[in-house]
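Enquirer:
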Amino acid sequence: MLEMRGISKQFDAVVALRGASLKVQAGEIMALLGANGSGKSTMVKVLSGLVNPDAGTVICDGTAVRIRSASDSRRLAIAVAYQDLSLVPAMSVVDNIVMGMEPKNAFGIINRTKAREFALTYMRKLRIECGPDALVQGLMVSTQALIEIAKAIASKPKVLILDEATASLHSDEVDTLFEVLGELKREGVAIITVTHRMGEIYRVCDACTILRGGETVAAGPVKDMDLDTVVYQMTGKKPDLSGAAFHAGRAARDEGQAALLDVRGLALADKLKGVDFHAWPGEIVGIGGLDGQGQQEFLRSVLGDSTYEAGEITFRGTKVKFRQPADGVKQKLGFISGDRNRESIFPVRPVAENIYAGEVTAKSDFSPLRPRTVFDFAGKAVERYNIITGGLAQPASSLSGGNQQKLVIGRWMALTPDLLLLDDPTKGVDVSTRAEIHRILKECTQAGMCALYSSSDNEELLAISDRIYVFYEGRISACLRGEERSEERLVAAMLGLV
Ligand SMILES: Nc1ncnc2c1ncn2[C@@H]1O[C@H](COP(=O)(O)OP(=O)(O)OP(=O)(O)O)[C@@H](O)[C@H]1O
Ligand SMILES: [Mg+2]
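Per my numbering, residue 285 is the first one in the sequence shown, and the count goes up by one each step.
(1) How close, in whole Å, do the beta carbons of residue 563 and residue 545 come, if the pair is a contact with beta carbons under 8 angstroms?
(2) Can you give me the C-alpha to C-alpha distance between residue 595 and residue 547, rounded to a whole angstrom?
(3) Going by the C-beta, is residue 515 closer than 7 angstroms to any heavy atom of ligand 1?
(4) How should residue 617 be labelled, buried or exposed, when 16 other C-beta atoms within 10 angstroms of its C-beta is the threshold for buried?
(5) Check whether the Cβ atoms of residue 738 and residue 579 sit closer than 8 angstroms, and answer yes or no.
(6) By alpha-carbon positions, which one of 498, 410, 422 ends up nearest to residue 460?
(7) Using a 10 Å radius around the Cβ and a threshold of 16 neighbouring Cβ atoms, would you call residue 528 buried or exposed?
(8) Can you tell me whether residue 787 is buried or exposed? The criterion is at least 16 other CB atoms within 10 Å of its CB, across all chains shown.
(9) Just to confirm before moving on: does the CB-CB distance between residue 758 and residue 603 stay below 8 angstroms?
(10) Return the CA-CA distance between residue 304 and residue 558, expressed in angstroms with no decimal places.
(11) For the candidate residues 353, 336, 360, 427, whose alpha-carbon lies nearest to that of residue 381?
(12) How many Å lie between residue 534 and residue 770 at the Cα?
(13) List, from N- to C-terminal side, the alpha helix (DSSP H) runs of 4 residues or more that fit wholly inside the stretch 635-718.
(14) Residue range of the beta strand (DSSP E) that residue 292 falls in?
(15) Can residue 706 and residue 620 be called in contact, C-beta distance under 8 angstroms?
(16) Tell me, to the nearest whole angstrom, how far the beta carbon of residue 713 is from that of residue 686; I am working on the premise that it is less than 8 angstroms.
(17) For ligand 1, any of its heavy atoms closer than 7 angstroms to the Cβ of residue 682?
(18) If you draw a straight line from the alpha carbon of residue 502 to that of residue 520, how long is it in whole angstroms?
(19) List the residues that DSSP assigns as beta-bridge partners of residue 756.
(20) Strictly by DSSP, which residues pair up with residue 307?
(21) Expressed to the nearest angstrom, what Euclidean distance is found between the alpha-carbon atoms of residue 394 and residue 387?
(22) Could you compute how far the alpha carbon of residue 857 sits from the alpha carbon of residue 424?
(23) From residue 363 to residue 346, what does the alpha carbon distance come to, in whole angstroms?
(24) Quick one: does the C-beta of residue 325 sit closer than 7 angstroms to a heavy atom of ligand 2?
(25) Run the proximity test for residue 672: is its beta-carbon closer than 7 angstroms to any non-hydrogen atom belonging to ligand 1?
(26) Answer yes or no: the CB of residue 685 versus the heavy atoms of ligand 4, is any distance below 7 angstroms?
(27) Quick check: is any heavy atom of ligand 2 less than 7 angstroms from the C-beta of residue 667?
(28) If we call anything under 8 angstroms between Cβ atoms a contact, is residue 691 one with residue 677?
(29) Thinking C-alpha only, which one of 290, 560, 316 is nearest residue 479?
(30) To the nearest angstrom, how far is the alpha carbon of residue 703 from that of residue 441?
(31) Based on the DSSP output, what are the partners of residue 557 in its beta bridges?
(32) Drop a sphere of 10 angstroms on the beta-carbon of residue 628, count the other beta-carbons inside from all chains shown, and report buried for 16 or more, exposed for fewer.
(33) Taking Cβ positions, are residue 365 and residue 449 nearer each other than 8 angstroms?
(34) Between residue 532 and residue 622, what straight-line distance do the alpha-carbon atoms span, to the nearest angstrom?
(35) Is residue 405 buried or exposed, if buried means 16 or more other CB atoms sit within 10 Å of its CB?
(36) Checking 8 angstroms against the spacing of the C-beta atoms, do residue 675 and residue 297 come in under that value?
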């Protein structure tokens, strides 16, 4: 159905693809896998006409085709849901979904009623629950991701490509998406999906293609490839995902010790309805729940980025109310967000400055920055987190999605905070780096740091947390510890069944 052969692409000094290839059949779901920076998104962009390859051919239904622009790609009925989303934030949900496919009358005037109906069909299919007239910019990241998918599906593609579409989705949303993909597959659509959530490959994919350093190193039916093989092909190394890295260590907490963070009766409009939450030094406290149950508001209240209406926050024995995140940072609070597009990356500034940005906030003096200091500091983080860059002076926007996320993690971990708030921090980070980040986090907590770790990925939450607070409709529905930390209990608490 669709085949890419010998695709090469170089961006300045960075070789993104070296003769990579892939093949996908109609009615097949193919996983495109590889570590961060291995070239997956670049392959996708070649198919959507956003990147012109230096060499190679694309073959569609047996004929070589030229994809030079987005319209060439559309003509071939290829649709992409992008990793960094292609939505227009200041436009409504309906307008975003119908963009480029507006139903028009004979005079070329858009039929609003039809447009709305059309968009609603796809919103219902994916169970997107926001208002059709809401502006995209005010919506939760996961809702935006679903709209990005709706938009791609609405064009009735023959080839549907999802670039990390599930990275910010919660388990119920992933289930709905997989039902829809199953339907499309039966209708004969060829589907390529890029993901770092390994469980998904075995749930829905028929075949997989693995890239390493811009080359295709393996391809074939999923049933012939176990997880160890997949990780081995991605990294070129024997996987070290077992043992310490993937299983929660013992809680280093000493029962008699005072809590580092003590939150009581936290309330914020209809988002938080009296949350009690305690965390001790040396713990990784998981925060679970379906999307929008108050987790984000809770983390932001602790950070000083949202003004809660009632309740008390005690940090290191002192009652605090940070008015802005910078106040918290000066008290050794750190914050890592998975929403890098909106709040973590300064895209046009160099990689080095992006990494150093946290250090600047933590220091209260106005001493001039020495480039040497910035570069040394950044160089260490790049090495430790294995961030693939074309150089420290390159703009942050030139990094692949997962590498941008690693940059944000490196920025905050380097500050050795006492309390680190993480909001879906490993979104888009590949499995082996994710294990490495978990390892570093455990090291830091063993040295006395406390981490609050919110994740949309249940598997990750169970693997990393010593205890898990589950949010449901603005309240804590359960706190799972020890043996209680099981997938079944977590899901039950997420649905408010306990
Ligand atoms: N526009 C660009 N300018 C410069 N370098 C780029 C550009 N786009 C991609 N690259 C580089 O090409 C390489 C491959 O990037 P790509 O985005 O395809 O990776 P990926 O496999 O999608 O990674 P991830 O899992 O992190 O999303 C990376 O090293 C990246 O920094
Ligand atoms: Mg990518």
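Glycine included, every Cβ here is placed at the ideal spot set by N, Cα and C. Please read all numbers here as calculations on a predicted model, not as lab measurements.
Expert: According to the structure shown:
(1) Here the question's residue 563 lines up with position 279 in the sequence shown. Here the question's residue 545 lines up with position 261 in the sequence shown. Between residue 563 and residue 545, the beta carbon gap of about 4 angstroms places them in contact (Cβ cut-off 8 angstroms).
(2) The count along the sequence shown starts at 1 and reaches residue 595 at position 311. The count along the sequence shown starts at 1 and reaches residue 547 at position 263. Each residue's alpha carbon lies about 7 angstroms from the other.
(3) Counting from one through the sequence shown, the residue named residue 515 turns up at place 231. Residue 515: no, Cβ never under 7 angstroms from ligand 1.
(4) Here the question's residue 617 lines up with position 333 in the sequence shown. Result: buried.
(5) Looking up residue 738 in the sequence shown gives position 454. Looking up residue 579 in the sequence shown gives position 295. Closer than 8 angstroms, so yes.
(6) Taking the sequence shown and counting its residues from 1, one reaches residue 460 at position 176. For the options 498, 410, 422, the alpha carbon positioned closest to that of residue 460 is the one of 410.
(7) Taking the first residue of the sequence shown as position 1, residue 528 is located at position 244. Residue placement at residue 528 cannot be trusted, given a pLDDT of 42 that sits under 50; what the coordinates show is reported in the next sentence. Classification of residue 528: exposed, given that the 10 Å Cβ count is below 16.
(8) Nothing can be reported for residue 787: it is not among the residues displayed for the chain, which extend from 285 to 782.
(9) Position 474 of the sequence shown, counted from the first residue, corresponds to residue 758. Position 319 of the sequence shown, counted from the first residue, corresponds to residue 603. It is not a contact, given that the beta carbons lie outside the stated cut-off.
(10) Taking the sequence shown and counting its residues from 1, the one referred to as residue 304 is at position 20. Taking the sequence shown and counting its residues from 1, the one referred to as residue 558 is at position 274. If you draw a straight line from the Cα of residue 304 to the Cα of residue 558, it is about 54 angstroms long.
(11) Within the sequence shown, numbered from 1, the residue matching residue 381 stands at position 97. The closest CA to that of residue 381, considering only 353, 336, 360, 427, is found on 427.
(12) Stepping through the sequence shown from its first residue, residue 534 is reached at position 250. Stepping through the sequence shown from its first residue, residue 770 is reached at position 486. With a pLDDT of 47 at residue 534, under the threshold of 50, the predicted position of this residue should be treated as unreliable, and no value is reported.
(13) Every alpha helix (DSSP H) stretch that sits fully inside the stretch 635-718 and reaches 4 residues is listed by chain position as 635-646, 655-668, 685-697.
(14) As a first step, residue 292 must be located in the sequence shown, where it is residue number 8. Residues 286-295.
(15) For this step, residue 706 is matched to residue 422 along the sequence shown. For this step, residue 620 is matched to residue 336 along the sequence shown. Going by beta carbons, residue 706 and residue 620 fall inside the 8 angstroms limit.
(16) Against the sequence shown, residue 713 aligns to sequence position 429. Against the sequence shown, residue 686 aligns to sequence position 402. About 5 angstroms separates the two Cβ atoms, so the contact holds.
(17) Translated into positions along the sequence shown, residue 682 becomes position 398. Distances between the C-beta of residue 682 and the heavy atoms of ligand 1 include at least one below 7 angstroms.
(18) The residue given as residue 502 occupies position 218 in the sequence shown. The residue given as residue 520 occupies position 236 in the sequence shown. Roughly 11 angstroms between the two C-alpha positions.
(19) Translated into the one-based positions of the sequence shown, residue 756 becomes position 472. DSSP lists 759 as partners of residue 756.
(20) Residue mapping note: residue 307 aligns to position 23 of the sequence shown, counting from 1. Residue pairing by DSSP puts residue 307 in a beta bridge opposite 287.
(21) On the sequence shown, position 110 is the one that residue 394 refers to. On the sequence shown, position 103 is the one that residue 387 refers to. Their backbone Cα atoms lie some 6 angstroms apart in a straight line.
(22) Summary: the structure shown does not reach residue 857, with the chain confined to residues 285 through 782, and so no result is reported for it.
(23) If you number the sequence shown from 1, residue 363 lands on position 79. If you number the sequence shown from 1, residue 346 lands on position 62. Near 19 angstroms, if we compare the C-alpha coordinates of residue 346 and residue 363.
(24) Within the sequence shown, numbered from 1, the residue matching residue 325 stands at position 41. Yes; taking the cut-off as 7 angstroms, the Cβ of residue 325 has a heavy atom of ligand 2 nearer than that.
(25) Position 388 of the sequence shown, counted from the start, is the residue given in the question as residue 672. Ligand 1 approaches residue 672 closely enough that one of its heavy atoms is under 7 angstroms from the residue's Cβ.
(26) Among the ligands present in this structure, namely ligand 1 and ligand 2, ligand 4 is not found.
(27) As a working mapping, residue 667 is identified with position 383 in the sequence shown. Result no, Cβ not under 7 angstroms from ligand 2.
(28) One-based indexing of the sequence shown puts residue 691 at position 407. One-based indexing of the sequence shown puts residue 677 at position 393. In this structure, the beta-carbon distance from residue 691 to residue 677 does not fall below 8 angstroms.
(29) Taking the first residue of the sequence shown as 1, we reach residue 479 at position 195. Of the candidates 290, 560, 316, the one whose C-alpha sits nearest the C-alpha of residue 479 is 316.
(30) Locating residue 703 in the sequence shown gives position 419, where the first residue counts as 1. Locating residue 441 in the sequence shown gives position 157, where the first residue counts as 1. The straight-line gap separating the alpha-carbon atoms of residue 703 and residue 441 is approximately 46 angstroms.
(31) On the sequence shown, residue 557 is found 273 positions in, with the first residue counted as 1. By DSSP's assignment, residue 557 forms a beta bridge with 551.
(32) Position 344 of the sequence shown, counting from 1, holds the residue named residue 628. With 16 or more Cβ atoms within 10 Å of its Cβ, residue 628 is classed as buried.
(33) One-based indexing of the sequence shown puts residue 365 at position 81. One-based indexing of the sequence shown puts residue 449 at position 165. For residue 365 and residue 449, yes; Cβs fall inside 8 angstroms.
(34) If you number the sequence shown from 1, residue 532 lands on position 248. If you number the sequence shown from 1, residue 622 lands on position 338. Its pLDDT being 43, under 50, residue 532 is placed unreliably by the model, and the measurement read from it follows with that caveat. Their Cα atoms are separated by approximately 22 angstroms.
(35) Position 121 of the sequence shown, counting from 1, holds the residue named residue 405. Of the residues assessed, residue 405 falls on the exposed side of the cut-off, its CB having fewer than 16 other CB atoms within 10 angstroms.
(36) Looking up residue 675 in the sequence shown gives position 391. Looking up residue 297 in the sequence shown gives position 13. Contact: yes.
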